[in-house]
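K.L.:
In order, the protein sequences belong to chains A and B. Numbered continuously in the numbering used here, the first sequence closes out at residue 342. Numbered continuously in the numbering used here, the second sequence closes out at residue 1284. A virtual CB, placed ideally from N, CA and C, is assigned to each residue, including glycine.
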Amino acid sequence: MMKFLKVIGKRFLHSVLVLFGLSILVFVIARVIPGDPARMALGPRAPESVVQKFREDLHLDKPLHTQYFYWLAGALQGDLGMSLFTKRQVAEDIKEFFPATFELMLFTGLVMSVFGILLGIVSARYSNRWPDNTVRVFSYLGVCTPAFVFAILFLLLFGYVLQILPTIGRISPAIDRPPTRTGLMTLDSLLAGNFAAFWDAIKHLIMPGVALALGPMAQEARITRSSMTDNLQRDFIALERSQAIPERLIMSKYLLRISIIPTVSVLGLDFASQLGWAFLVELIFNWPGISRYGINVMLHKDLNAIVAVIMIIGLMFVVVNIIVDLIVSWLDPRIRLGAERG
Amino acid sequence: MRLDKIKRAWYKFRKNPLSIIGAAIILIVVFLAVFAPFVAPYPEHAGSFVNFSEASQPPSARYLCGTDAFGRDILSRIFFGFRLSLIMGVVVISLTAPIGVTLGLVAGYMKGTWVETIIMRITDIFVAVPPLVLALAVCSILQPNVFNAMMAVSLMWWPWYCRMVFGIASSIRNEFYVQAAEITGAGRIHIIFKEMLPNCFGPIFTKVSLDMGWVILIGSALSFVGLGAQPPTPDLGTMVADGGKYMPDQWWIAIFPAFAIMLIVFSFNILGDGIRDMLEVEDA
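What follows is the structure, given as structure tokens:
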């Protein structure tokens, strides 16, 4: 147990260092911009004295490393600077837009892990029969279709042709918005006891969420299948069968637990890469989240906001990785008990 | 002996009909891209051609995939779009794979020294954010154009090669043949490139084929949001984005370029699987 805590502690420290390094990288990228950021922020007609004042206020006249430490000191206190795009504190913007992305990603994660693993189990259980082949064809399609193409196809099919799902935003304008408590539309409507709003919010989540989830889901199904069929040949399964343990119990208790370890590891990676594709999907569905905000600030060269958005994405990535490590070590007693991984 | 090996590899490759299909589609796409000015039905539509009298025509015998809002043939523009996509893939991978592979090999060979620490910790920073997000940021800060898009994606792509090769290199570092080479006094360069590199070829080639698809995808995503190729350059991502404005009535403007992207990524994917089977790479 001590060894396990030590591993997690080390992992945590490593993550902090990665975020620190990322902040330097992003800061440097944001400052190599050709042109004068102060002049860009104020426009060509502002008098030179005002621009000079702005430069001094934002420490833009100092060398790069001094600027970085000013930024870091501010960031650690929650001050990420002003956004030129929304004319507000970046931290406030993040606070407003983050819950929408968080909700979308939670939904995506849920869909891709549950359905991915289920399809994988079905595939392994009926390997080389028709359910397996169907899943295989589906997973090829899923892996090679980018989320934004799924998004557009869904939009056309479910949004316009069949008209069964809403196409933009988080909730219909006709529905009473629940008071904001957690910022998650579904949870807020439940807390307010407003089931119409809850159902409406779920309907809004389906298209963007599924568009993001389909690719990784296919990947998860493939990995679960191959890992289960491989483990089925292992000695411990033969031993359990020889002890007349019911097949269902072997499948659900012993085989599944060990077989979804690679799936969970890949799930973390896939989930993180979907944070990137969310940038396009949020744009398509006009989802008021941090990714759509990210695209907007990028198109406006809003440096403070760009740095902040990337740091938030990096933070989510790191947190997801730590959670995945915890789940894997819970699933795999060899890691939990501090043994060598074999 | 050598011929025998090639024959056996070919046998393994064609055992899976899907890999043959993938290779065939890629050959066709490359052909269409290279000879686009000759095979496209309306090659002049690739540029800033305008013909409003034939704008937004649905697919017909005259325009197989319909025309866009400027009256340009979508099929012709898809052929020219293949060009840009393939160039993007080839440039990015030929820039990043050698750099990533070399760094990964060096870090793997020097495992446990400060060289490994520096290389791998820098790699960790780059892989802590999805490549698309950093590429978007770099493109937005520089001028949005095709060249900068390629540079931005390249900047984000090498760490993934480095990480993969490091994994293999650090495990083969203690194999007997590497130790034997060290004992006989072989130089570091010789050991890294002549002894270790050939044993990493399988996974590298597989990754190159899969990555061709992914890089093309990232490139189209960049131009989809307007941070890559600029109009009137025919680019699949830009075409999907433009078409999105005319949904759902003129669905063909977005859907056909979208299918073209899917087709490329799909083919490189199944080709990659075929190469994996051929070179007997174990599933990562």
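1) Could you confirm whether any beta carbon from chain B is found closer than 8 Å to the beta carbon of A/S123?
2) Could you name each continuous alpha helix (DSSP H) segment of 4 residues or more that falls completely within the region 1020-1050 of chain B, going from the start of the chain to the end?
3) Would you say A/D332 reaches chain B, if we count a Cβ-Cβ gap shorter than 8 Å as a contact?
4) With DSSP as the reference, identify every bridge partner of B/T1067, one or two as the case may be.
5) What in chain A is Cβ-close to B/M1262, meaning under 9 Å?
6) Roughly how many angstroms lie between the CA atoms of A/F195 and A/P208, to the nearest whole one?
7) Considering Cα atoms alone, identify which of A/K6, A/I237 and A/L191 is closest to A/S259.
8) Check whether the Cβ of B/L1086 lies closer than 8 Å to any Cβ atom in chain A.
9) Buried or exposed: where does A/S123 fall if 16 or more other Cβ atoms within 10 Å of its Cβ makes it buried?
10) Express the C-alpha separation of B/I1183 and A/L280 in angstroms, rounding to a whole number.
11) Taking C-alpha atoms, which residue in B/R1083, B/L1136, B/Y1109 and B/L1263 lies nearest to B/A1221?
12) Please state if the CB of B/A1033 and the CB of B/R1083 are separated by a distance shorter than 8 Å.
13) Count the other CB atoms within 10 Å of the CB of B/S1053; is the residue buried (16 or more) or exposed (fewer)?
14) Between the C-alpha atoms of B/F1031 and A/V328, what's the straight-line distance to the nearest angstrom?
15) Is the beta carbon of A/V90 closer than 8 Å to that of A/A305?
16) Would you check if the distance between the CB atom of B/G1108 and the CB atom of B/V1165 is smaller than 8 Å?
17) Pick helix, strand or coil for A/M82, following the three-state DSSP scheme.
18) Would you call the region 108-124 of chain A and the region 205-222 of chain A touching, i.e. three or more CB-CB distances under 8 Å?
19) At what residues does the alpha helix (DSSP H) containing B/D1235 begin and finish?
20) Helix, strand or coil for A/Q219? Go by DSSP, reduced to three states.
21) What does DSSP give as the partner residues of A/Q89 in its beta bridges?
22) I want to see whether chain A comes within less than 8 Å of B/V1133, judged by CB atoms only; does it?
23) Which residue spans inside the region 1181-1241 of chain B form an unbroken beta strand (DSSP E) run of at least 3?
24) Just the chain B side, please: which residues come within less than 9 Å of A/K301 by C-beta, in chain order?
25) As a quick exercise: from A/F158, A/P178, A/L269 and A/S265, pick the residue whose alpha carbon is nearest that of A/K203.
26) What do you get for A/T66, buried or exposed, if any count of 16 or more other CB atoms within 10 angstroms of its CB means buried?
27) Indicate whether at least one CB of chain A lies closer than 8 Å to the CB of B/F1266.
28) Is it buried or exposed for A/Y160, if we count other Cβ within 10 angstroms and need 16 for buried?
29) Step through the CB atoms of chain B and report whether any lies within less than 8 Å of the CB of A/W287.
30) Can you tell me whether A/L212 is buried or exposed? The criterion is at least 16 other CB atoms within 10 Å of its CB, across all chains shown.
P.N.:
So, to answer that:
1) It does not; no Cβ of chain B falls within 8 Å.
2) Listed in chain order, the complete alpha helix (DSSP H) runs (minimum 4 residues) inside the region 1020-1050 of chain B are 1036-1039.
3) A/D332 does not count as touching chain B.
4) Its beta-bridge partners are B/D1073.
5) Going along chain A in sequence order, the residues near B/M1262 (Cβ under 9 Å) are L141, C144, T145, P146 and V149.
6) Taking the straight line from one Cα to the other gives about 21 Å.
7) Nearest C-alpha to A/S259: A/I237.
8) By this cut-off, B/L1086 is not an interface position.
9) Flag for A/S123 reads buried.
10) Going by the C-alpha atoms only, they are around 54 Å apart.
11) In terms of CA proximity to B/A1221, B/L1136 leads the group B/R1083, B/L1136, B/Y1109 and B/L1263.
12) In this structure, B/R1083 sits near B/A1033, with a CB-CB distance shorter than 8 Å.
13) The Cβ neighbour count for B/S1053, taken over all protein chains shown within 10 Å, is under 16; the residue is labelled exposed.
14) Cα to Cα, the separation comes out at about 46 Å.
15) Contact flag set, yes.
16) Between B/G1108 and B/V1165, the CB-CB gap stays under 8 Å.
17) Looking at A/M82 - three-state DSSP - the assignment turns out to be strand.
18) Because the criterion of three Cβ pairs below 8 Å is met, the region 108-124 of chain A and the region 205-222 of chain A touch.
19) For B/D1235, there is no enclosing alpha helix (DSSP H), since its DSSP letter is neither H nor E.
20) Three-state result, A/Q219: helix.
21) According to DSSP, which records beta bridges pairwise, A/Q89 is partnered with A/M82.
22) The Cβ of B/V1133 sits closer than 8 Å to at least one Cβ of chain A.
23) Unbroken beta strand (DSSP E) stretches of 3 residues or longer found wholly inside the region 1181-1241 of chain B: none.
24) Here the neighbours are S1140 and I1141.
25) Nearest C-alpha to A/K203: A/F158.
26) A/T66 is classed as exposed because its beta carbon has fewer than 16 other beta carbons within 10 Å across all chains shown.
27) Yes, B/F1266 lies at the interface with chain A (some Cβ there is under 8 Å from its Cβ).
28) Burial call: exposed.
29) The Cβ of A/W287 sits no closer than 8 Å to any Cβ of chain B.
30) Counting Cβ neighbours within 10 Å, A/L212 comes out buried, since at least 16 surround it.
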